[in-house]
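Below is one structure, written out as structure tokens, with a few remarks after it.
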Amino acid sequence: MKLVEKHLAELYQNQKGITWQCDITNRIYMKFGETLTAFKVHDFLSFRRKVNKVDIHEMIFNLSDDYDFELIEAPQNGFSSQLTLCEIVQLRDLLDGTKFSLDVTSMLYEVLGEGAFA
Numbered sequence: 004m005k006l007v008e009k010h011l012a013e014l015y016q017n018q019k020g021i022t023w024q025c026d027i028t029n030r031i032y033m034k035f036g037e038t039l040t041a042f043k044v045h046d047f048l049s050f051r052r053k054v055n056k057v058d059i060h061e062m063i064f065n066l067s068d069d070y071d072f073e074l075i076e077a078p079q080n081g082f083s084s085q086l087t088l089c090e091i092v093q094l095r096d097l098l099d100g101t102k103f104s105l106d107v108t109s110m111l112y113e114v115l116g117e118g119a120f121a
């Protein structure tokens, strides 16, 4: 994990976005495209589940214009965007990479204890 500022730790980055965890506010900050959004951990996990429910297969094979974009919202966090198939795949990658990083960090804290990260 790369430290951006003393209280922000980078969790994951891809071509379209980046996420950080703030030790002070215990929030996850996500910059996706030009949008910066702050999530409580519970809201982040809920948002990730919502994005993972988008039927990518249907978007690929349905020729209707209705399936060219998908509206992704997290109103409690101020995130609302109409995304293309490629953007949804990139957002999923960002969210899944972030979740993996959180899981690994949590496991390391359990095994090594908090003193190992001081």
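For the sequence shown, the working numbering assigns the number 4 to the initial residue and increments by one for each residue that follows. Ideal Cβ placement from N, Cα and C applies to all residues, glycine included. The model shown is predicted, which means the values in this text are computed figures rather than measured ones.
Query, Result
"N-terminal and C-terminal residue of the alpha helix (DSSP H) that residue 74 is part of", "Careful: residue 74 lies outside any alpha helix (DSSP H), inside the beta strand (DSSP E) at 72 to 77."
"Start-to-end residues for the beta strand (DSSP E) that takes in residue 24", "20 to 25"
"Residues that residue 40 bridges to, as DSSP identifies them", "33"
"Option nearest residue 37 by Cα separation, candidates 25, 115 and 86", "86"
"The region 45 to 53 / the region 71 to 87 touching (three or more Cβ pairs under 8 Å)", "yes"
"Three-way DSSP call (helix, strand, coil) for residue 87 in this model", "strand"
"Classification of residue 35 by the beta-carbon crowding that lies within 10 angstroms, buried from 16 upward", "buried"
"Proximity winner among 20, 25, 91 and 70, relative to residue 9 (alpha-carbon distances)", "25"
"Distance between residue 94 and residue 64 (C-alpha atoms, nearest Å)", "20 Å"
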